[in-house]
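Q: Here it is, the structure in full.
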Amino acid sequence: MADLAVCKSPDGVTTLGLGSCVGIAIRDPLTKIGGLVHVMLPDSKAIKNNSCLAKFADTGIDELIRLMLQLGASRSRLEAKIAGGAQMFAFQKNCELVSVGDRNAEAAKAKLKELQIRLLAEDTGQNYGRTVIYYPETGDYIIRAVGKPEKVI
Amino acid sequence: MGDFSLNDMTGEYMDVLKELGNIGAGNATTALAQMLQERIDMKVPQVDMLDFKDVGKAFGGEDTVMAGVYLVVEGDIQGSMMFLSKKETAKYLVNQLMMGMGHPEAEEFDEMELSALMELGNIMTGAYLNALSDLTKLKIYPSVPEVKIDMAGAILSVPAIEFGVLGDKILMIQTKFTDYLDIDGYFILVPDVDSYQKIMSSLGMN
């Protein structure tokens, strides 16, 4: 949670138990450099305690891309997939009209759009947790959930 | 108090929170013992401030399947509360409670077991919050709880996100109790920023 990692093919990167958080996977399909960030909140500007970059959709994606470019990825080739953003309990506290999971997913999509990174696929919403594994080699984003068959997007 | 952050919590504040957790968890264990009509020994609860990325390790991995009972707290303080236990622990406790009417051997929880689990969580969190209310003289009203069986990380993302607004750490109280088996449970209380202040000042901390 609130963490990120980059890797190079043939390695993969994983995050366990995404709930309302969103896992944003990005890769450069040519150099096969990829990364995954597990964000908890949509917007770093909405709250004061925002020093942890990987906690927020906006700063998390920026930081992930910065690290990938350092490894040699090309900015213009980047493509993304996202998963998570579930609503784990029907009445979560932040009684806004839209659940925090949805807001996380929306914020991630908005940020990707702003950066003009193509969103190839997503598996978001619903009410269950997801464990995800991302392979920059193929771009496969594997999603596991309790009591459900494995899914690849 | 808009600048409140759990990141720069002083030792004294931490001690008060730990002690509250201790008393709450003790009360909850007593309630559990009464409900199951069994003698239950409780070890001194372990109270930890964990970084988000280390939260899963406390349970042996973020993909460990856990049972979580979650409820919203209202009244003088606002926030939420969660009681978590490993799936096997929850299964065991529920079947103790149901006096042999459950299915301890089955992988899944059936409707009766889920309902019993909700009641168990209700009573334990209720006892915890009662202790907190007695100590602080604050009115605390818990909502009807909701139950979820899923990966630890996914369940914990809910209180973690609420803590996320306050800082980069999560306050977790681990209670271990023993009857025939070693069983463990975790309490997580997430008051909002103003409520932290209220709890502290009601205990004479400023």
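Chains as they are written, first to last, in the working numbering: chain A, 108 to 260; chain B, 269 to 474. Note that beta-carbon positions come from the ideal geometry of N, C-alpha and C, so glycine has one too. Bear in mind the structure is a predicted one, so any value in this text is a computation, not a measurement.
(1) Taking the runs of the alpha helix (DSSP H) that are 4 residues or longer, which of them lie wholly in the stretch 377-452 of chain B?
(2) For residue 371 of chain B, which beta-bridge partners are listed by DSSP?
(3) Check this for me: beta carbons of residue 193 of chain A and residue 208 of chain A, under 8 Å apart or not?
(4) Out of curiosity, what's the CA-to-CA distance linking residue 168 of chain A and residue 293 of chain B?
(5) May I have the straight-line CA-CA distance separating residue 150 of chain A from residue 163 of chain A, to the nearest angstrom?
(6) Sort A:245, A:214, A:260 and A:110 by Cα distance to residue 228 of chain A and report the nearest one.
(7) Confirm, please, whether the CB-CB distance from residue 423 of chain B to residue 336 of chain B is below 8 Å.
(8) For residue 185 of chain A, which residues in chain B fall below 7 Å Cβ to Cβ?
(9) Using alpha carbons as the reference points, say which of B:299, B:323 and B:302 lies closest to residue 439 of chain B.
(10) So residue 324 of chain B contacts chain A; which residues on that side make the cut at Cβ distance below 7 Å?
(11) Please classify residue 409 of chain B as buried or exposed, where buried requires at least 16 neighbouring CB atoms within 10 angstroms.
(12) Pull up the DSSP beta-bridge partners for residue 348 of chain B, would you.
(13) For the candidate residues B:473, B:457 and B:380, whose alpha-carbon lies nearest to that of residue 346 of chain B?
(14) In the DSSP assignment, find the alpha helix (DSSP H) that holds residue 362 of chain B and state where it starts and stops.
(15) Using a Cβ distance threshold of 8 Å, determine whether the stretch 411-421 of chain B contacts the stretch 118-130 of chain A, with at least three qualifying pairs required.
(16) Between the C-alpha atoms of residue 109 of chain A and residue 134 of chain A, what's the straight-line distance to the nearest angstrom?
(17) Note down, in chain order, every chain A residue with its Cβ under 9 Å from the Cβ of residue 328 of chain B.
(18) Quick check on residue 325 of chain B: does DSSP put it in helix, strand or coil?
(19) What span of residues does the alpha helix (DSSP H) with residue 280 of chain B cover, start to end?
A: Considering the structure as presented:
(1) Listed in chain order, they are 379-404 and 420-432.
(2) For residue 371 of chain B, which the question treats as bridged, DSSP gives no partner whatsoever.
(3) Cβ distance < 8 Å, so residue 193 of chain A and residue 208 of chain A count as in contact.
(4) For residue 168 of chain A and residue 293 of chain B, the distance between alpha carbons rounds to 39 Å.
(5) Each residue's Cα considered, the two are about 6 Å apart.
(6) Among A:245, A:214, A:260 and A:110, the Cα nearest to that of residue 228 of chain A belongs to A:260.
(7) For residue 336 of chain B and residue 423 of chain B, yes; Cβs fall inside 8 Å.
(8) Within chain B, no C-beta atom comes nearer than 7 Å to that of residue 185 of chain A; the closest sits roughly 24 Å away.
(9) The candidate whose alpha carbon is nearest that of residue 439 of chain B is B:323.
(10) Those within 7 Å of residue 324 of chain B in chain A are 123 and 124.
(11) By the 10 Å Cβ count, residue 409 of chain B comes out exposed.
(12) Per DSSP, B:340 and B:458.
(13) Residue 346 of chain B has its Cα closest to that of B:457, out of B:473, B:457 and B:380.
(14) From DSSP, the alpha helix (DSSP H) with residue 362 of chain B extends over 355-365.
(15) Enough Cβ pairs lie closer than 8 Å, so yes.
(16) Cα atoms of residue 109 of chain A and residue 134 of chain A: separation of roughly 19 Å, rounded to the nearest angstrom.
(17) Going along chain A, no residue has its Cβ under 9 Å from residue 328 of chain B, so there is no contact; the nearest lies around 11 Å.
(18) Look at residue 325 of chain B here: in three-state DSSP terms it is helix.
(19) That run of the alpha helix (DSSP H) goes 279-304.
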